[in-house]
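S.K.:
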Amino acid sequence: MKAVVYHRFGGPEVLAVADLPEPKVNLDGVLVRVRAAALNPADLGVQSGALAGMLESYFPVVPGWDVAGVVERAGPAAPEFAPGDEVIGYVRGEVAHRNGAYAELVAADVRTLVPKPRALPWAEAAGLPLAGLTALQAINALMPKPGETLLVHAAAGGVGSLAAQLALGRGARVLGTASEATTPTCVPSAWSRSATARVSRAASAHSPRTASTPCWTPPAAAPWRRRRTSAPGSRRSRSSTSPA
Ligand SMILES: NC(=O)c1ccc[n+]([C@@H]2O[C@H](COP(=O)([O-])OP(=O)(O)OC[C@H]3O[C@@H](n4cnc5c(N)ncnc54)[C@H](OP(=O)(O)O)[C@@H]3O)[C@@H](O)[C@H]2O)c1
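Counting along the sequence shown from 1, when you hit position 225 you're at 225 in full-length UniProt numbering, and nothing is skipped either side.
1. Run the proximity test for residue 177: is its beta-carbon closer than 7 Å to any non-hydrogen atom belonging to ligand 1?
2. Nearer than 7 Å: is that true of the beta carbon of residue 63 relative to any heavy atom of ligand 1?
3. Looking at the strands, I want to know which residues DSSP matches up with residue 57.
4. May I ask whether a heavy atom of ligand 1 can be found less than 7 Å away from the beta carbon of residue 40?
5. Do residue 126 and residue 163 have their C-beta atoms within less than 8 Å of each other?
6. If we ignore side chains and look at the alpha-carbon of each, how far apart do residue 200 and residue 21 end up?
7. Kindly examine ligand 1 and report whether one of its heavy atoms sits closer than 7 Å to the Cβ of residue 254.
8. Buried or exposed, going by whether 16 or more other CB atoms sit within 10 Å of the CB of residue 131?
9. Can we count residue 156 as close to ligand 1, meaning its CB is less than 7 Å from some heavy atom?
10. Please go through the segment 84 to 144 and give each complete alpha helix (DSSP H) segment of 4 or more residues, from N-terminal end onward.
11. Would you kindly work out how many angstroms separate the C-alpha atoms of residue 63 and residue 12, rounded to a whole number?
12. Between the Cα of residue 115 and those of 85, 104, 107, spot the shortest distance and give me the residue it belongs to.
13. DSSP has residue 51 in a bridge; who is on the other side?
14. Is any non-hydrogen atom of ligand 1 found closer than 7 Å to the C-beta of residue 134, if you look at the structure I gave you?
15. Using 7 Å as the cut-off, classify the Cβ of residue 53 as near or not near the heavy atoms of ligand 1, replying yes or no.
16. Am I right that residue 149 and residue 173 are in contact with their C-beta atoms under 8 Å? What's the rounded C-beta distance?
17. How do the segment 61 to 78 and the segment 18 to 33 stand: do at least 3 beta-carbon pairs fall below 8 Å, yes or no?
18. Measure the alpha-carbon distance for residue 243 versus residue 167 and round it to whole angstroms.
19. Under the rule that 16 or more other beta-carbon atoms within 10 Å means buried, what is residue 83, buried or exposed?
20. Whose CA, out of 70, 36, 40, 23, lies closest to the CA of residue 157?
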């Protein structure tokens, strides 16, 4: 199979395409044919070596922890999935080796996979697992209640946009910060006295969701449109799930 690999820590210059053997699948594992893979900040940390103290890397490394794809083969102890099932997953291994999602095939533990949401295109679905889990953990920890106001920093980003939607789904009111360049109607992310004043004004506004609404119609040039997914596709679902 073809895969993206790196043989040493570094930036984009260390990435190359290589031919690798098909990954071995555990008895309770699943072989997934990759349709899209996502890029998270942690991928850059692992590849650069910044996270070497936390995660062992054995070169060559195939990067990528987020995947969306189709089950090619399921192990004999993996009755949860069958060939042809469309799945998404967070497929980080205990070490970084030839087990990433930037490949034609990835071997995944069934516990890391769930069915792909039917409404999502492949690229958007691949962007969901890690950012979604992170957002969910944060929202579960905070437990926002209906009517409470939650301030989400970096609300135009992968984690922030999902955290805001999860909080809105629980009935909370959401204020989001983002850079003025990309989302001019949101509170600016460069914190200042004027930003504090804008948050205070938004927080005291009478209409519960008005203040956060403009954040969810990001322009085509929003950073995560260019960076987060490796396959073509738009993030229309984010605006279609608009709280407006
Ligand atoms: N992705 C994950 O699964 C994951 C998991 C665990 C932890 N994290 C951490 O969560 C954070 C966000 O990750 P992400 O995946 O959501 O990244 P992302 O999609 O790249 O979004 C990052 C956001 O940060 C905003 N930002 C940049 N500089 C800022 C500043 N000085 N003040 C306020 N906001 C600023 C940007 O806002 P604008 O768009 O407005 O410029 C951008 O939308 C990172 O620190 C990451 O390490 C992420």
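For each residue, glycine too, the CB sits at the ideal point set by N, CA and C.
Note that the structure is a prediction, hence the values are computed from the model and not measured.
M.R.: The short version:
1. yes
2. no
3. 96
4. yes
5. no
6. 57 Å
7. Here the chain covers residues 1 to 244 and nothing more, so residue 254 does not appear.
8. buried
9. yes
10. 122 to 126, 129 to 142
11. 12 Å
12. 85
13. Residue 51 pairs with nothing; no bridge assigned.
14. yes
15. no
16. 5 Å
17. yes
18. The predicted position of residue 243 is uncertain, since its pLDDT is 30 and thus under 50; a value taken from the coordinates is nonetheless stated next. Their Cα atoms are separated by approximately 10 Å.
19. exposed
20. 40
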